[in-house]
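Everything on this sheet refers to the single structure shown next.
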Amino acid sequence: MTTAALVHVVVSGLATGSIYALMAISLVIIFNATRTLNFAQGEMLMVSTFVGFTVYARAKVPLVVVMLVAVVAAALLGWVIERVLIRHAIASTPFDVLIITLGLSLVLRSAAGLTWTHDEFPFPSFFGDRPITLGPVRLVPVSLGIIGASLGLMWGLWALFTHTRLGRAMRAVAQNQRAARLMGISVERVYSASWVLASVVGALAGVLIAPVIFLSSKMGLVAINGFIAAVLGGFGSMPGAVVGGMLLGVIENLAPLYLPSSIKHSVPFLVLIAILLIRPGGVLGRPARRKV
Amino acid sequence: MAPTLVVEDLAVYYGKRRAVDGVSLTVGRGEIVSLLGANGSGKSTTLRAISGLVRPARGRILYEGRDITCAPADAIVAAGVGHVPEGREVFAEFTVRENLLVGGHTVPRNDVTERLEGAFGLFPVLYGRQRQLAGTLSGGEQQMLAIARALMTRPRLLLLDEPSLGLAPMLSREIFRTIRRINATGVAVLLVEQNARRALRLAGRGYVLETGHVVAAGTCGELGEDSRVRAAYLGLGKPTRAP
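Taken in sequence, the protein lines are chains U and Z. If you use our numbering, the first sequence corresponds to residues 14 to 305, in order. If you use our numbering, the second sequence corresponds to residues 129 to 371, in order.
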């Protein structure tokens, strides 16, 4: 196989990996605040993207507006879900919240099917489809666009978490909720902010990936690979989520070149098992430690 | 002028277990009051109820005359109560500077730099360790950081839970000197301390808790003479058999 073809495969792997990474980040944001997994992350992404698409289909607005609509819808959805469903269950065990989000994912998928049918819709892309040629290497703008936009978003999140009060408060809550309360941080407000932020990151990932995998009620399944990416990187770690996502995307794309192509969909799980055998805490994970 | 803190008939339950049952105490303006008692006598729980971490089942808590009994913890911090918890609970994955910044969460943005300078002025050792992760500090440094972090909001009441726990004698002396200095700036202190002798030397008055009740109260001179206190906490008054 030529180097050029290899570069092509790796770049498109990084593009898918960026989406996995964004999904992983969304899951980690919610996990760090509320110590629970949000199984509905993918469906929240799907619904927000559909809302944006509906506006696009009705009014033919520019894509930037579609994205903004999806973001606002996602923020609203995240806020409402946290306030109405999660906030009251948080006092009980994390398992209750887990089951609630699992149920929510099924409800959202059915509701989306009822509203928008279970068909696949082509979604407009920010990026053209004329390949960019760099010497022997041909790259698809979609891949580069997804990678660039995702990296930009990740940088924005990094700035939020390290340089703003809200971000610092979120990280403080992740480390020690009681101490965070003693600092005058409203932990409840951090819960809200975490759900809104995770939902918004998901919506942006949705708008980026929808042109590639088509818009459909099933597109939320991408969150499963996001979850695997988060575990790969070491669950709870943001840089880990990015590394895990990229790693998974590239391996998933490379594997069919060397292995039977039918294996592609089991690759994420094989990678997960392999890495967890070598490093049980994930690539950037810390050794397991229980918080009291 | 209302006293800094008035606790009336406070009761706190953990499930069905009574942790605090009918505790009343007062901290006057600028006073140091110590709370003595064995492990599990309800000292920490009393502090947690005051700072809003646990909800009292009964009783009233007044801060500067205002009822804060069921106020959320963040409102109580904003009102001017700082709580340095048992075991310091610094944010281990934050740098020293980030710990202080998060301590200033409720502080107006323009004042944060000034408060940071104040913290470094009180604890110069933290200045040189600004960029170090708090989890890598020694116990004494973590205690200083925990106190400095609580002072970022300029509280008028400081709740200190076992500040000398696990520290070498020299370091705990330094911590106690610092508490005196903080108090000299007008901050009232409610001090929970295992080392009763030292606590009584520092405080003006004290309360002794046993299984959630106040069993003795008075000035430190009086408590020092109290036979129960002498026996239980100062190791005096009763011959003790060598182990």
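Even for Gly, the Cβ is constructed at its ideal location relative to N, Cα and C. Note that the coordinates shown come from a computational prediction; the quantities given were computed from them, not determined experimentally.
> Within 8 Å (strictly less), CB to CB, does Arg181 (chain U) reach chain Z?
Replying inline: The count along the first sequence starts at 1 and reaches residue 181 (chain U) at position 168. For Arg181 (chain U), the answer is yes, since a Cβ of chain Z falls inside 8 Å of its Cβ.
> In three-state terms, what does DSSP make of Phe136 (chain U)?
Replying inline: On the first sequence, residue 136 (chain U) is found 123 positions in, with the first residue counted as 1. Residue state, collapsed to three classes: coil.
>> On the DSSP letters alone, give me the boundaries of the alpha helix (DSSP H) that Thr173 (chain Z) sits inside.
In response: Within the second sequence, residue 173 (chain Z) is the residue found at index 45, counting from 1. Run containing Thr173 (chain Z): 171-178, per the alpha helix (DSSP H) assignment.
>> Given this structure, state the Cα-to-Cα distance separating Leu293 (chain Z) from Gln322 (chain Z), to the nearest angstrom.
In response: Within the second sequence, the letter at position 165 stands for residue 293 (chain Z). Within the second sequence, the letter at position 194 stands for residue 322 (chain Z). Roughly 8 Å separates the two Cα atoms.
> Are Val203 (chain U) and Arg194 (chain U) closer than 8 Å when you measure CB to CB?
Replying inline: The residue labelled residue 203 (chain U) in the question sits at position 190 within the first sequence. The residue labelled residue 194 (chain U) in the question sits at position 181 within the first sequence. Against a cut-off of 8 Å, the Cβ pair of Arg194 (chain U) and Val203 (chain U) comes out as no contact.
>> Any beta carbon from chain U within less than 8 Å of Ala206 (chain Z)'s own beta carbon?
In response: The count along the second sequence starts at 1 and reaches residue 206 (chain Z) at position 78. By this cut-off, Ala206 (chain Z) is an interface position.
> What are the residues of the segment 34-52 of chain U that lie near chain Z, defined by any Cβ-Cβ distance shorter than 9 Å?
Replying inline: none
> With distances taken between CB atoms, is the gap from Ala242 (chain U) to Ser156 (chain U) smaller than 8 Å?
Replying inline: On the first sequence, position 229 is the one that residue 242 (chain U) refers to. On the first sequence, position 143 is the one that residue 156 (chain U) refers to. No, the Cβ-Cβ distance between Ala242 (chain U) and Ser156 (chain U) is not below 8 Å.
> At least one CB of chain U closer than 8 Å to the CB of Ser179 (chain Z): is that the case?
Replying inline: Taking the second sequence and counting its residues from 1, the one referred to as residue 179 (chain Z) is at position 51. Yes - at least one Cβ of chain U is within 8 Å of the one on Ser179 (chain Z).
> Around the C-beta of Phe66 (chain U), are 16 or more other C-beta atoms found within 10 angstroms, so that it is buried, or is it exposed?
Replying inline: Taking the first residue of the first sequence as position 1, residue 66 (chain U) is located at position 53. The residue is buried, with at least 16 neighbouring Cβ atoms inside 10 Å.
>> Which residue marks the beginning of the beta strand (DSSP E) containing Arg146 (chain Z), and which one marks its end?
In response: Stepping through the second sequence from its first residue, residue 146 (chain Z) is reached at position 18. 145-155 is the span of the beta strand (DSSP E), which, as asked, contains Arg146 (chain Z).
> Nearest to Ala18 (chain U) by alpha carbon, out of U:Val220, U:Val153, U:Gly180, U:Lys73?
Replying inline: Indexing the first sequence from 1 puts residue 18 (chain U) at position 5. Here the closest residue by C-alpha is U:Val153.
> Would you say Gly197 (chain U) faces chain Z, with C-beta separation under 8 Å as the test?
Replying inline: Reading the first sequence from its first residue, position 184 is the one you call residue 197 (chain U). Yes, Gly197 (chain U) counts as interfacial toward chain Z.
> If contact means a Cβ-Cβ distance below 9 Å, which residues of the segment 149-180 of chain U contact chain Z?
Replying inline: Thr175, Arg178
> Can you name the residues of chain U whose CB is closer than 8 Å to the CB of His79 (chain Z)?
Replying inline: Any answer about residue 79 (chain Z) is impossible in this case: the structure gives chain Z only from 129 up to 371.
>> If distances are taken between C-alpha atoms only, which option among Z:Val342, Z:Tyr361, Z:Gly346 comes closest to Lys171 (chain Z)?
In response: Here residue 171 (chain Z) corresponds to residue number 43 of the second sequence, with the count starting at 1. Among Z:Val342, Z:Tyr361, Z:Gly346, the Cα nearest to that of Lys171 (chain Z) is on Z:Val342.
>> Considering Cα atoms alone, identify which of U:Ser118, U:Gly26, U:Met167, U:Ala254 is closest to Met59 (chain U).
In response: In the first sequence, residue 59 (chain U) corresponds to position 46, counting from 1. With distances taken between Cα atoms, Met59 (chain U) lies closest to U:Ser118.
> From what residue to what residue does the beta strand (DSSP E) around Ala203 (chain Z) run?
Replying inline: Along the second sequence, read from residue 1 onward, the residue named residue 203 (chain Z) stands at position 75. Looking at the DSSP string, Ala203 (chain Z) is not in any beta strand (DSSP E); the run it does join, the alpha helix (DSSP H), is 201-207.
> Are the C-beta atoms of Thr313 (chain Z) and some chain U residue less than 8 Å apart?
Replying inline: On the second sequence, position 185 is the one that residue 313 (chain Z) refers to. No, because no Cβ of chain U sits closer than 8 Å to the Cβ of Thr313 (chain Z).
> What is the DSSP secondary structure of Asp195 (chain Z), reduced to helix, strand or coil?
Replying inline: Against the second sequence, residue 195 (chain Z) aligns to sequence position 67. Of the three classes helix, strand and coil, the one that applies to Asp195 (chain Z) here is strand, per DSSP.
> Does the pairing of the segment 40-57 of chain U with the segment 116-130 of chain U give three or more beta-carbon distances under 8 Å?
Replying inline: yes
> Shorter than 8 Å from the beta carbon of Arg96 (chain U) to some beta carbon of chain Z?
Replying inline: Here residue 96 (chain U) is taken as the residue at index 83 of the first sequence, counted from 1. Not closer than 8 Å to any Cβ of chain Z, the Cβ of Arg96 (chain U) fails to qualify, so no.
>> Once DSSP output is grouped into helix, strand and coil, what is the label at Gly141 (chain U)?
In response: Looking up residue 141 (chain U) in the first sequence gives position 128. Looking at Gly141 (chain U) - three-state DSSP - the assignment turns out to be coil, as it is neither helix nor strand.
>> So if DSSP puts Ser162 (chain Z) in a beta bridge, which residue, or which two residues, is it bridged to?
In response: In the second sequence, counting from the first residue as 1, residue 162 (chain Z) sits at position 34. Bridge partners of Ser162 (chain Z): Z:Leu319, Z:Gly334.
> Is it true that the segment 242-253 of chain U meets the segment 36-43 of chain U, where meeting means three or more beta-carbon pairs spaced less than 8 Å apart?
Replying inline: yes
> Given that Arg191 (chain U) touches chain Z, what residues does it touch there, using C-beta distances under 8 Å?
Replying inline: Within the first sequence, residue 191 (chain U) is the residue found at index 178, counting from 1. Under the 8 Å cutoff, chain Z gives Leu181, Pro213, Glu217.
>> Need the endpoints of the beta strand (DSSP E) that Tyr361 (chain Z) sits in, please.
In response: Here residue 361 (chain Z) refers to the residue found at position 233 when the second sequence is read from its first residue. Run containing Tyr361 (chain Z): none; DSSP gives neither H nor E here.
>> So, for Ala182 (chain U): in the same chain, excluding its five sequence neighbours on each side, which residues have a beta-carbon less than 6 Å away from its beta-carbon?
In response: Numbered from 1 along the first sequence, position 169 holds the residue referred to as residue 182 (chain U). Counting only Cβ-Cβ distances below 6 Å, and skipping sequence neighbours, we find Ile198, Val203.
>> As a quick exercise: from U:Val68, U:Val255, U:Tyr271, U:Arg122, pick the residue whose alpha carbon is nearest that of Gly298 (chain U).
In response: The residue labelled residue 298 (chain U) in the question sits at position 285 within the first sequence. Checking every option, the nearest Cα to that of Gly298 (chain U) belongs to U:Val255.
> Counting contacts by CB-CB distance shorter than 8 Å, is Thr223 (chain Z) in contact with chain U?
Replying inline: Here residue 223 (chain Z) refers to the residue found at position 95 when the second sequence is read from its first residue. Cβ-Cβ to chain U under 8 Å: no for Thr223 (chain Z).
>> Alpha carbons only, please: which of U:Ser212, U:Gly258, U:Pro281 is nearest the one belonging to Val85 (chain U)?
In response: To locate residue 85 (chain U), count along the first sequence from 1; it is residue 72. Out of U:Ser212, U:Gly258, U:Pro281, U:Ser212 has the C-alpha closest to the C-alpha of Val85 (chain U).
> Residues of chain U with a CB under 7 Å from the CB of Val134 (chain Z): which are they?
Replying inline: Working through the second sequence from its first residue, we reach residue 134 (chain Z) at position 6. Per Cβ cutoff of 7 Å: no residues; Val134 (chain Z) is ~21 Å from chain U at best.
>> Quick check: the segment 322-332 of chain Z against the segment 242-256 of chain Z, are at least 3 beta-carbon pairs closer than 8 Å?
In response: no
> So is Leu265 (chain Z) in contact with chain U if we call contact Cβ pairs under 8 Å?
Replying inline: The count along the second sequence starts at 1 and reaches residue 265 (chain Z) at position 137. No, no contact with chain U.
> Can a CB atom of chain U be found closer than 8 Å to the CB of Gly170 (chain Z)?
Replying inline: The sequence position of residue 170 (chain Z) within the second sequence is 42, counting from 1. With 8 Å as the cut-off, Gly170 (chain Z) does not count as an interface residue toward chain U.
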